[in-house]
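Note sheet for the following structure.
Numbering (the numbering used here), first residue to last: 3 to 364.
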């Protein structure tokens, strides 16, 4: 009787550019090199989209209000974002990926999963593939990339953070379960502040704590995410790298540490969410005509407000206009706001060319 051979262990690489927007700006302007810079607006309602490593030493990070960032780092230099340039560099990086594998799943302009189990170069060692890709990115773009290598997407993503910047790390099948056990759940990719808080209330502080919970318990408390949490607690993640994901919508949301009661703080809180969903659309060359704003109040009741425009939104500024339009009538709110979210839908397969044009009227 012939034995059934088990499928080969997958080799997944997660490539993540280091301080991507800020690094592009420092590359293109020598006066900014070695200095703390933040890509984003410096105005009162501005938000940091990306921070250089020099700025991060002062505690400046993405999604931070610009006024807070300036307070932490008085010498911080603000640079307006140039999304057309970032997209062009991202395309260069994507072309390098394509030399190694067709199985590329972009997450945003600056990161992607690659399945290199069977790669176009015939290379058998995934760490060598990652080294080559990072070297080629440096050669072509002048920018540094970090990488994580593992047998599934979750662990590859976690590994890419271990030796940043300009490094890489591998988590093997032998080491995967033990790595997860010692990891605080707040550091799990896909576990946000609200879920972290809920896990802590249930006595789940680490991967080892999570592993102790039954599948039934996790489904009961976390719904459809329960099976995913059950798997990753054991170092198991069966999700495939999907290069042609057909999505009906793309969204992002955030739970705030303190309830919001005024328009400006709410608008500041939405800016990183806007930039996140816009970056995803640019990376995947898709466009949206429908914008949905999600608002969850302190009592956990929630509302959504949507607007559909006639043509796909051509620029991030137009998305900001629609979000403002949806947000303004909510104020003053009947209760404090604990969560805000932005979702784009009515997606089409191509993003309009980034070029100067008139702002859309709504």
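All C-beta atoms in this analysis are idealised placements derived from N, C-alpha and C, irrespective of residue type, glycine included.
Quick caveat: nothing in here was measured; it's all calculated off a predicted structure.
Residue 130 lies in the alpha helix (DSSP H); which residues open and close that run?
-> The residue labelled residue 130 in the question sits at position 128 within the chain shown. Note, residue 130: alpha helix (DSSP H), 128-143.
Quick one: grab the DSSP three-state call for residue 262.
-> Residue mapping note: residue 262 aligns to position 260 of the chain shown, counting from 1. In this structure, residue 262 counts as strand in the three-state DSSP scheme.
Check whether the region 68-81 touches the region 37-44, counting contact only when three or more Cβ pairs, one atom from each stretch, lie closer than 8 angstroms.
-> yes
Count the other CB atoms within 10 Å of the CB of residue 28; is the residue buried (16 or more) or exposed (fewer)?
-> Locating residue 28 in the chain shown gives position 26, where the first residue counts as 1. Buried: at least 16 other Cβ atoms inside 10 Å.
For the region 270-341, which segments carrying the beta strand (DSSP E) assignment without a break, of at least 3 residues, lie completely within its bounds, in sequence order?
-> 292-299, 304-310
Cβ shell of residue 364 (< 8 angstroms), same chain only, five flanking positions each side left out = Residue numbering aside, residue 364 sits at position 362 when the chain shown is read from its first letter. The predicted position of residue 364 is uncertain, since its pLDDT is 35 and thus under 50; a value taken from the coordinates is nonetheless stated next. Closer than 8 angstroms at the Cβ level, and outside the excluded window around residue 364, lie 309, 311, 323, 324, 327.
Taking the alpha-carbon positions, what's the residue 162 to residue 64 distance?
-> On the chain shown, residue 162 is found 160 positions in, with the first residue counted as 1. On the chain shown, residue 64 is found 62 positions in, with the first residue counted as 1. So the alpha carbons of these two residues sit roughly 18 angstroms apart.
Alpha carbon to alpha carbon, how far is residue 160 from residue 267?
-> Taking the first residue of the chain shown as position 1, residue 160 is located at position 158. Taking the first residue of the chain shown as position 1, residue 267 is located at position 265. Cα to Cα, residue 160 sits roughly 31 angstroms from residue 267.
Nearest to residue 169 (by Cα), restricted to the options 342, 332, 16 = In the chain shown, counting from the first residue as 1, residue 169 sits at position 167. The shortest C-alpha separation from residue 169 is found at 16.
State yes or no: is the C-beta of residue 115 within less than 9 angstroms of the C-beta of residue 234?
-> If you number the chain shown from 1, residue 115 lands on position 113. If you number the chain shown from 1, residue 234 lands on position 232. Not a contact, by the Cβ cut-off of 9 angstroms.
Taking the Cβ atom as the reference point for each residue, do residue 150 and residue 137 lie within a distance shorter than 9 angstroms?
-> Residue mapping note: residue 150 aligns to position 148 of the chain shown, counting from 1. Residue mapping note: residue 137 aligns to position 135 of the chain shown, counting from 1. Not in contact: residue 150 and residue 137 (Cβ atoms no closer than 9 angstroms).
Where the alpha helix (DSSP H) containing residue 348 begins and where it ends = Reading the chain shown from its first residue, position 346 is the one you call residue 348. Premise fails: residue 348 is in no alpha helix (DSSP H) and is neither H nor E.
What is the C-beta distance between residue 19 and residue 113, in whole angstroms, given that I count them as a contact (C-beta under 8 angstroms)?
-> As a working note, residue 19 is residue 17 in the chain shown. As a working note, residue 113 is residue 111 in the chain shown. Yes, residue 19 and residue 113 are in contact; Cβ-Cβ is about 7 angstroms, under 8 angstroms.
Apart from the five residues on each side of it in sequence, which residues of its chain come closer than 7 angstroms, Cβ to Cβ, to residue 286?
-> As a first step, residue 286 is located in the chain shown; it is residue number 284 there, counting from the start. Answer for residue 286: 108, listed in chain order.
Quick one: what's got a C-beta closer than 7 angstroms to residue 5's C-beta in the same chain, skipping five residues either side?
-> By one-based count along the chain shown, residue 5 stands at place 3. The pLDDT assigned to residue 5 is 49, lower than 50, so where the model puts this residue is not dependable, and the model offers no usable value.
With distances taken Cα to Cα, identify the nearest neighbour of residue 251 among 117, 143, 351.
-> Taking the first residue of the chain shown as 1, we reach residue 251 at position 249. Looking at the Cα atoms, 351 is the closest of the given residues.
Give the DSSP bridge partners of residue 45, in chain order.
-> Here residue 45 is taken as the residue at index 43 of the chain shown, counted from 1. DSSP output for residue 45 lists no bridge partner at all.
Quick one, are the C-beta atoms of residue 135 and residue 173 less than 9 angstroms apart?
-> Translated into positions along the chain shown, residue 135 becomes position 133. Translated into positions along the chain shown, residue 173 becomes position 171. Not in contact: residue 135 and residue 173 (Cβ atoms no closer than 9 angstroms).
What do you get for residue 142, buried or exposed, if any count of 16 or more other CB atoms within 10 angstroms of its CB means buried?
-> One-based indexing of the chain shown puts residue 142 at position 140. Counting Cβ neighbours within 10 Å, residue 142 comes out exposed, since fewer than 16 surround it.
Is the number of C-beta pairs between the region 176-194 and the region 258-275 that are closer than 8 angstroms three or more?
-> no
With respect to the alpha helix (DSSP H) encompassing residue 108, which residues constitute its N-terminal and C-terminal limits?
-> The residue given as residue 108 occupies position 106 in the chain shown. Where residue 108 is concerned, there is no enclosing alpha helix (DSSP H), although the beta strand (DSSP E) it sits in stretches over 106-110.
Report yes or no: is there a C-beta of chain B within less than 9 angstroms of the C-beta of residue 22?
-> Chain labels in this structure do not include chain B; a single protein chain is all it has.
Look up residue 147 in the DSSP assignment and say whether it is helix, strand or coil.
-> Here residue 147 corresponds to residue number 145 of the chain shown, with the count starting at 1. In this structure, residue 147 counts as strand in the three-state DSSP scheme.
Quick one: what does DSSP say residue 238 is sitting in, helix, strand or coil?
-> Here the question's residue 238 lines up with position 236 in the chain shown. Coil, per DSSP.
Check whether the Cβ atoms of residue 297 and residue 321 sit closer than 9 angstroms, and answer yes or no.
-> Locating residue 297 in the chain shown gives position 295, counting from the first residue. Locating residue 321 in the chain shown gives position 319, counting from the first residue. Contact flag unset, no.
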